[in-house]
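Residues 92 to 665, numbered by my numbering, are exactly what the sequence shown covers, in order. Where is the CB? At the ideal position from N, CA and C, for every residue including glycine. Remember, predicted model here, so these are calculated numbers, not experimental data.
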Amino acid sequence: MDQLITSPNQSGDTLHGRFEQQVQIRPDKIAVSYQDQQLTYKQLDVLAKAHSEELISRGIQPGDMVAVMLSRSVDLIVHIIAVLKTGACYVPIDPNYPADRVEWVIETSNPVCFISRRELCQNVWPEQRPSQLKERCYFIESAPQVNVNNPQASTDTPSKQKTENNPYSDLAYVIFTSGSTGKPKGVMVGHSQVISLLDAVTPMLANDHNDVWTLFHSFAFDFSVWEIWGALTTGARLCIVAQESTWSADAFLALLKQEQVTILNQTPSAFYALTAAVNDAHTKTGARQTLSLRSVIFGGEALNLNKLNAWWKHYPEGAPRLINMYGITETTVHVTWLELSKTLSNNDSSPIGHALTGLQVHLLNEKLERVNEGEVGEIFVSGKQLAIGYLKQAGLSASRFVASPFHKGQRLYRSGDLAMWQDGQLFYQGRADRQLKIRGFRIEPGEIESAMESHPAVQNCAVIPKPEKDGSSPKSLIAFLIATKAPDTEMNSKDTLSALRNHAISLLPAHYIPTEYVFLSSYPLTVNGKLDQAALLEVWQQKSNAPTAHENRMALLQSKLAKLQQNNAQKETE
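This is the structure in structure tokens:
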């Protein structure tokens with residue numbers, strides 16, 4: 092590995108160590124549940140210990156990388172903990188990812204072991220690919236069976252393997268995120284970074300063993316790190332959400348009620364859909380949906396505060412608490428904290444609050460100088476939660492994790508995000524690289540989206556550049572809209588679209604006006620719960636290729652004409 096390395100974890104504190112503390116305190120409490128499956132803390136630990144010993148017998152060493160590709164299940168949590176108990180780190184691979192991405196993660200991380208199921212490998216890869224990994228595969232259906240209810244089962248930790256002179260012994264996971272080159276990059280994060288996050292947030296969130304958390308997100312998305320360990324290091328229950336329920340806001344709402352979830356983590360896009368489901372259920376039943384939620388934490392995307400008013404119509408401010416947390420994979424999930432209130436909801440910007448304990452946020456210009464209050468600068472982060480670096484990308488690590496000009500020996504992570512200080516709070520201003528250039532003009536999509544959402548017929552808007560057929564730079568914009576009430580098909584009428592264009596013209600400069608408007612019933616989301624722009628373009632292409640009303644009429648006339656000619660020809664031959 093040829094990347095930037097920080098000092099090993101001096102305290103020796105680990106995620107699985109904190110989990111094991113909960114095993115000793117409350118062994119019979121439910122730790123994890125999935126549909127009709129559940130395990131107590133002791134049962135989960137017994138299983139994880141047994142599998143860790145099997146992995147150690149196969150030669151797994153501290154600092155090794157172990158790929159895990161499993162579907163949502165209690166088995167997933169068992170094997171994540173098992174890997175950590177060996178001293179190795181886990182490399183999560185979502186089985187829903189395309190085969191090319193799976194291939195890239197495997198080839199880049201070169202894991203010493205690959206934990207999965209045979210059927211998942213067959214679904215993702217052609218038959219010849221798994222055979223090349225055969226010696227390193229650990230198929231859980233073939234693993235030794237463990238009786239978790241055996242009263243003699245030990246919950247002692249496995250014997251510690253030697254970690255001397257191993258700078259990677261603190262590694263907890265390597266998560267691959269999208270890269271600017273188009274290839275995912277592996278972010279290496281240690282136990283100490285995640286523990287710093289937990290120690291900073293737990294006192295503010297006031298979460299404890301009475302809580303029920305959801306694992307809503309893909310375990311290959313770093314939001315899951317917070318979901319899993321926020322629950323299991325405090326003695327709470329982790330409720331794994333079935334994949335189908337993450338795709339249906341109605342089904343997810345039902346799960347929240349049934350499982351009495353108290354701590355919910357959501358991307359804004361997913362939460363807007365949940366809010367719509369709450370509103371629909373209220374309209375149908377005339378009653379407010381009873382939820383056990385104490386706190387909702389937002390992350391992963393910029394939050395539009397105006398859209399929270401729909402939630403507050405049903406639930407009073409503070410019940411549950413709504414908390415906005417800006418974060419980056421390279422800084423271990425969360426960086427800032429802001430508890431939201433209605434007084435903030437009329438703000439067009441996205442306030443993200445203040446840095447967590449142990450972190451510092453710096454807003455700098457291109458010369459790495461601090462900007463003044465009210466000026467926009469790039470977010471640089473320093474402190475205990477900075478990742479170790481990028482896997483096998485020393486150059487990229489050096490360009491993103493830079494030396495601090497303020498404190499000798501300290502690193503800063505360069506985020507590429509923009510923000511400004513206002514009254515002691517950080518306000519998110521978008522991605523530096525989301526800024527578009529259309530016909531020479533610099534354009535902020537968020538400004539267009541905000542203008543379109545001010546129209547009473549529009550609930551949500553997402554603006555992306557329209558691709559040119561010749562592959563040249565985009566020259567126009569497409570607005571994808573979700574209506575406040577009417578079905579998307581009704582909204583796609585000529586009069587409605589004309590009215591929306593006039594609305595945009597009244598608020599925006601000419602070069603900001605979208606050339607096309609497409610209404611949808613909902614937005615497609617990635618497995619990480621973020622807006623899927625590639626899927627939006629596919630929808631647009633399908634609609635663009637669909638025949639127009641005029642084309643349909645012409646086709647019908649041509650069909651009738653052809654049939655008439657055929658009948659005449661038959662008569663002539665009789």
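In this structure, the alpha-carbon of lysine 375 lies about 30 Å from that of leucine 591. Here the alpha carbons of serine 589 and leucine 262 stand approximately 55 Å from one another. Closest in C-alpha terms to glutamate 226, from the list Gln236, Pro202, Ala489, Ser541, comes Pro202. Serine 495 sits in coil when the DSSP states are folded into three classes, being neither helix nor strand. Going by beta carbons, serine 441 and phenylalanine 518 fall inside the 8 Å limit. Taking C-beta separations shorter than 6 Å and ignoring five residues to either side along the sequence, the partners of leucine 146 in its chain run Thr177, following chain order. By the neighbour-count definition (other C-beta atoms within 10 Å, threshold 16), isoleucine 171 is a buried residue. Judged by their CB atoms, isoleucine 286 and leucine 306 are not nearer to each other than the 8 Å cut-off.
CA-to-CA, the gap between threonine 381 and lysine 348 works out to about 7 Å.
Per the C-alpha coordinates, the member of Leu616, Gln624, Leu572 positioned closest to histidine 308 is Leu616. Counting every other CB atom within 10 Å of its CB across the protein chains shown gives arginine 502 a total of 16 or more, marking it as buried. Contact check between the stretch 329–344 and the stretch 149–160: fewer than three CB pairs, one atom from each, fall below 8 Å, which does not count as touching. The alpha-carbon separation between aspartate 524 and serine 506 amounts to approximately 11 Å. Of the residues assessed, asparagine 463 falls on the exposed side of the cut-off, its CB having fewer than 16 other CB atoms within 10 angstroms. Membership of glutamate 350 in the alpha helix (DSSP H) is indicated by the continuous run 340–350. Straight-line measurement puts the Cα of lysine 274 at about 36 Å from the Cα of valine 352.
Cβ-Cβ distances below 6 Å link glutamate 544 to Cys552 in the same chain, with the five nearest sequence neighbours on each side left out; the list follows chain order. Straight across, the Cα-Cα distance linking glycine 449 with threonine 293 is about 13 Å. In terms of Cα proximity to alanine 542, the closest of Phe497, Lys499, Ser597 is Ser597. A residue is called buried when at least 16 other Cβ atoms come within 10 angstroms of its Cβ; aspartate 185 meets this threshold and is buried. By the Cβ-count criterion, proline 547 is exposed, with fewer than 16 other Cβ atoms from all chains shown falling within 10 Å of its own Cβ. Membership of proline 275 in any beta strand (DSSP E) is not indicated, and neither H nor E is assigned to it by DSSP. Looking only at Asp299, Met416, Arg385, the smallest Cα-Cα distance to glutamine 113 is reached by Asp299. Ranking Thr325, Pro558, Tyr614 by CA distance to the CA of histidine 107 puts Thr325 first. For the stretch 145–227, the continuous alpha helix (DSSP H) assignments of 4+ residues that do not extend past its boundaries occur at 165–176, 190–200, 209–215, 219–223, in sequence order. Check the Cα spacing between valine 424 and each of Gly281, Cys204, Gln236, Glu540: the tightest is with Gly281.
Residue pairing from DSSP leaves aspartate 290 without any beta-bridge partner. With the rule of 3 Cβ pairs closer than 8 Å, the stretch 180–195 does not count as touching the stretch 136–151.
Every beta strand (DSSP E) stretch that sits fully inside the stretch 357–436 and reaches 3 residues is listed by chain position as 386–389, 412–415, 427–430. Under DSSP, histidine 453 takes part in a beta bridge, and its partners are Phe471. Glutamate 607: not part of any alpha helix (DSSP H); member of the beta strand (DSSP E) spanning 607–611, first to last residue. Its chain contains Met160 as the residues whose beta carbon lies nearer than 6 Å to that of serine 207, once the 5 sequence neighbours on both sides are disregarded; these appear in chain order. In this chain, the alpha helix (DSSP H) harbouring aspartate 586 covers 585–598. Looking at Glu421, Lys433, Ile529, the one whose alpha-carbon comes closest to that of serine 488 is Glu421.
In the three-state reduction of the DSSP assignment, aspartate 508 falls in the strand class, which pools E and B. In this structure, the CA atom of glutamine 624 is about 17 Å from the CA atom of arginine 192.
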